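Student:
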Amino acid sequence: MLYLIGLGLGDAKDITVKGLEVVRRCSRVYLEAYTSVLTVGKEVLEEFYGRKLILADREEVEQEADNILKDADISDVAFLVVGDPFGATTHSDLILRATKLGISYRVIHNASIMNAVGCCGLQLYKFGETVSIVFWTDTWRPESFFDKVKKNRQNGMHTLCLLGKGLGVSSESRYGGVVLFS
1 MLYLIGLGLG DAKDITVKGL EVVRRCSRVY LEAYTSVLTV GKEVLEEFYG
51 RKLILADREE VEQEADNILK DADISDVAFL VVGDPFGATT HSDLILRATK
101 LGISYRVIHN ASIMNAVGCC GLQLYKFGET VSIVFWTDTW RPESFFDKVK
151 KNRQNGMHTL CLLGKGLGVS SESRYGGVVL FS
């Protein structure tokens, strides 16, 4: 079985009890390492979970998902995600691939920025479409987020902007971040 397990937003101890029990019994445990960054390192997670973790970068998850799904029909495999597993479309794609291969799956949810943003005092029901603002390269400069922010403002809605790695408010460029437009 394939387990997609949300890790929450803080540190190693934010995993649910149910999620931790699954991690400890799986034959392989992958840590998704590109849509978001946890505030602690892989080694801290490994120590707390009592398990070695396999880092899964964008290429592995999107192009080589068969490696993650290998033998998940006969053994338990965990795929750990910062926040909630359905915070990125890539994770939904992994479920679709598993289903196509006849592999059962289970999702263990956790807190994500999509609901934690309520702590800023803005009402969740007043948010319009969430947008991703990615790190531009010399050859790729998507601007589609701008029209969505503009539309939300015209409709009197807040916008949650998810910043890609390299655009965060931290002094370390590896972190992404969040910006709100109201």
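Under the UniProt record's numbering, the residue at position 111 of the sequence shown is numbered 111, and the numbers go up by one with no gaps.
We put the CB at the ideal spot given by N, CA and C, even for glycine.
All values reported here derive from a predicted model rather than from experimental measurement.
With a CB to CB cut of under 7 Å and the five nearest residues on each side skipped, what residues in its chain are close to V107?
Tutor: Contacts found: L4 and P85.
Student: How big is the Cα-Cα spacing for E59 and H91?
Tutor: Taking the straight line joining both Cα atoms gives about 13 Å.
Student: When you compare each of V149, K13, L162 and H109 to F135 by their alpha carbons, which one comes out closest?
Tutor: Residue L162 is the option with its Cα nearest to F135.
Student: Would you please state the rounded distance, in angstroms, between the beta carbons of A72 and I103? I believe it to be under 8 Å.
Tutor: Confirmed, about 5 Å.
Student: Along the chain, where does the alpha helix (DSSP H) that runs through T90 open and close?
Tutor: T90 -> alpha helix (DSSP H) spans T89 to K100.
Student: If you count every other CB in all the chains shown that lies within 10 Å of the CB of L124, and 16 or more means buried, which is it?
Tutor: The residue in question, L124, is exposed, as its Cβ has fewer than 16 Cβ neighbours within 10 Å.
Student: Please tell me whether L2 and V61 are closer than 9 Å, where the distance is taken between their beta carbons.
Tutor: Result no, Cβ atoms of L2 and V61 do not sit closer than 9 Å.
Student: Three-state secondary structure (DSSP) at A65?
Tutor: Looking at A65 - three-state DSSP - the assignment turns out to be helix.
Student: Measuring CA to CA, which of S27, R28, T139 and V40 is closest to I15?
Tutor: Of the candidates S27, R28, T139 and V40, the one whose C-alpha sits nearest the C-alpha of I15 is V40.
Student: Three-state secondary structure (DSSP) at A12?
Tutor: Helix, per DSSP.
Student: Let me make sure I understand the geometry here. Which of E32, Y49 and Y34 has the alpha-carbon closest to that of G19?
Tutor: When each option's Cα is compared against that of G19, the closest is Y49.
Student: Where does the unbroken beta strand (DSSP E) through E32 begin, and where does it stop?
Tutor: R28 to E32 is the span of the beta strand (DSSP E), which, as asked, contains E32.
Student: Helix, strand or coil for R106, going by three-state DSSP, please let me know.
Tutor: In the structure shown, R106 sits in a strand (DSSP, three-state: E or B).
Student: If I measure Cβ to Cβ from I68 and keep anything under 6 Å in the same chain, skipping five residues before and after, which residues do I get?
Tutor: So the list reads Y30, once near-sequence residues are dropped.
Student: With DSSP collapsed to three states, give me the class of residue 218.
Tutor: Nothing about residue 218 can be reported from this structure: the residues present for the chain run from 1 to 182 only.
Student: Return helix, strand or coil for V149, following the three-state DSSP convention.
Tutor: Three-state result, V149: helix.
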